[in-house]
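I have placed the structure first, in the form of structure tokens, so that the comments after it can refer back to it.
In the working numbering, the protein residues as written are 11 to 575.
Structure, rendered in structure tokens:
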């Protein structure tokens with residue numbers, strides 16, 4: 011039966027390959043009020059055949075969100091599915107309450123309304139469901155979309171940035187269809203390649219420098235990207251930001267969840283055709299998509315073969331080169347932005363995470379996987395991270411298959427792969443890193459701005475079958491200063507309180523005040539000063555909200571609350 015299915019799908023691939031389809035370019039939403047509706051839909055991938063899908067504001071996938079750094083954005087996410095789900099803003103630095111992890115569920119026929127400031131650097135991020143045990147289903151059925159963040163540093167560069175003209179989203183996925191052309195979830199038989207929900211796509215591109223924002227939105231498959239003519243291209247950004255300078259490549263390995271921005275110079279190529287391919291024949295065993303998904307002899311995975319994509323080179327999208335657009339970019343810049351990796355010496359602690367299969371041996375690829383010997387438990391907090399901690403996380407893969415590791419809340423810098431510095435294109439800001447069998451990867455990150463004692467962030471494998479199977483853990487970021495503290499003390503007074511933004515602090519003590527700190531309601535220090543021979547100070551410019559003023563008086567600490575309006 012599997013062989014018959016494979017032959018039928020193979021014939022469909024050939025037919026679609028002869029009848030190419032124009033690439034679907036997702037519409038955009040921008041501004042500070044974003045309305046998203048999760049809905050069921052239908053999509054015709056094959057002539058006369060209807061497939062049940064899920065989408066955001068449409069039948070499949072979702073609009074591209076274009077957000078500006080520094081903007082405070084209000085989201086309204088309405089769930090019109092007949093089941094519970096979530097929406098996670100993958101890569102964005104937001105509070106755990108706004109992160110959209112498995113604890114922040116959106117019930118059927120209800121609306122979630124997160125609001126937050128866009129704090130991230132210009133880069134390509136994405137959004138997708140994150141309900142435990144159901145992430146693969148909801149993403150495979152079609153709920154996913156791209157996020158483009160813009161900032162002033164990126165705007166100052168001479169780069170293509172006209173969406174749909176010289177700046178294109180490419181959401182690459184593979185799917186498995188059953189005999190009724192319905193999407194199969196938790197499948198290792200994903201033999202249909204699509205970009206932006208388009209099978210066998212083509213795209214007309216101008217004969218100039220073109221920018222592609224590439225997202226591997228697949229459940230499991232890695233892509234070894236390159237052009238069919240082996241023409242070099244340049245990577246300009248990784249997951250969380252621009253690189254310091256463009257990196258020339260002929261191959262780019264992109265694991266599930268990873269993003270990369272690349273520039274291809276089509277100057278002087280008007281009328282030519284170029285294919286973006288995956289050179290899967292060059293993938294080492296132990297990566298999903300290689301000839302053998304496991305590292306070592308005798309490794310098997312149910313349904314993995316036969317599959318024309320495994321270990322073979324295949325086309326992803328055809329670029330047909332046409333005349334230049336207005337105001338074309340015709341040169342690739344030499345430099346981009348200043349990238350300052352966190353020094354390893356800044357680390358407060360090193361945490362060790364080890365990946366293992368539940369069952370060892372040649373059949374391990376068909377089971378679940380563990381982190382530090384444990385499976386996901388929504389009631390267990392695996393790590394408590396102090397606010398403003400800088401940490402090294404050391405990931406060791408003792409299984410036979412590669413795992414793309416993703417952490418919420420932060421962007422990190424990769425320090426080493428098996429003790430060696432990462433390649434240049436991996437030296438930017440990252441939130442996903444592929445850890446190969448018997449490899450140890452070390453990264454460093456700073457956990458800042460947001461705390462919660464009750465809502466955790468996630469870390470997990472971004473192979474969605476592994477994630478749903480429990481290869482995930484949780485951490486909370488805790489504030490050294492508990493913002494619930496509000497000691498009533500007559501050693502100093504604050505007036506006026508409430509205040510319109512100007513407060514006076516008057517001391518009524520004999521001992522000298524050493525330091526004053528003002529924290530916002532998230533525990534962030536927004537003001538600090540050293541007091542010298544003064545009995546009062548004034549602080550201006552407080553925005554609306556609740557603030558906590560902390561005085562250090564010798565070995566004592568006094569904390570009071572102030573409200574600004």
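Backbone N, C-alpha and C fix where the C-beta goes; we use that ideal spot for every residue, glycine too. Here the structure is a predicted model, which is why all the values come from computation and not from measurement.
Simplified DSSP assignment, three categories, for residue i
i           : result
residue 446 : coil
residue 404 : strand
residue 355 : helix
residue 271 : strand
residue 382 : coil
residue 509 : strand
residue 36  : coil
residue 291 : helix
residue 59  : strand
residue 376 : helix
residue 130 : coil
residue 366 : strand
residue 316 : coil
C-beta atoms of residue i and residue j nearer than 8 Å
i           : j           : result
residue 179 : residue 74  : yes
residue 273 : residue 244 : yes
residue 342 : residue 256 : yes
residue 208 : residue 33  : yes
residue 454 : residue 401 : yes
residue 96  : residue 112 : yes
residue 48  : residue 66  : yes
residue 296 : residue 305 : yes
residue 485 : residue 391 : yes
residue 365 : residue 430 : no
residue 205 : residue 185 : no
residue 175 : residue 277 : no
residue 441 : residue 421 : yes
residue 170 : residue 417 : no
residue 550 : residue 529 : no
residue 432 : residue 265 : no
residue 249 : residue 427 : no
residue 152 : residue 63  : yes
Per DSSP, cross-strand counterpart(s) of residue i
i           : result
residue 135 : 157
residue 390 : According to DSSP, which records beta bridges pairwise, residue 390 is partnered with nothing at all.
residue 427 : 430 and 451
residue 436 : Its beta-bridge partners do not exist; DSSP assigns none.
residue 105 : Its beta-bridge partners do not exist; DSSP assigns none.
residue 30  : Beta-bridge pairing links residue 30 to no other residue.
residue 199 : DSSP output for residue 199 lists no bridge partner at all.
Alpha-carbon spacing of residue i relative to residue j, whole angstroms
i           : j           : result
residue 344 : residue 263 : 23 Å
residue 160 : residue 371 : 47 Å
residue 235 : residue 225 : 12 Å
residue 576 : residue 481 : The structure shown does not extend to residue 576, since the chain spans only 11 to 575, so no value can be given for it.
residue 217 : residue 324 : 24 Å
residue 407 : residue 447 : 5 Å
residue 145 : residue 469 : 14 Å
residue 108 : residue 457 : 16 Å
residue 412 : residue 279 : 38 Å
residue 229 : residue 56  : 21 Å
residue 558 : residue 319 : 58 Å
residue 396 : residue 350 : 23 Å
residue 299 : residue 183 : 12 Å
residue 165 : residue 177 : 14 Å
residue 309 : residue 135 : 34 Å
residue 535 : residue 488 : 14 Å
residue 437 : residue 253 : 8 Å
residue 460 : residue 125 : 14 Å
residue 352 : residue 382 : 26 Å
residue 100 : residue 84  : 17 Å
residue 284 : residue 384 : 46 Å
residue 347 : residue 131 : 11 Å
residue 358 : residue 435 : 27 Å
residue 122 : residue 114 : 9 Å
Residue i, enclosing beta strand (DSSP E) - first and last residue
i           : result
residue 255 : 251-259
residue 88  : 82-89
residue 586 : This structure gives no information on residue 586, because the portion of the chain shown stretches from 11 to 575.
residue 166 : Unbroken run through residue 166: none, as it is neither H nor E.
residue 416 : 413-417
residue 330 : 323-332
residue 221 : 219-226
residue 484 : 482-488
residue 301 : That residue, residue 301, is in no beta strand (DSSP E); it is neither H nor E in DSSP.
residue 173 : No beta strand (DSSP E) contains residue 173, which DSSP labels as neither H nor E.
residue 213 : 211-216
Endpoints, alpha helix (DSSP H) assigned at residue i
i           : result
residue 147 : 145-151
residue 478 : 474-478
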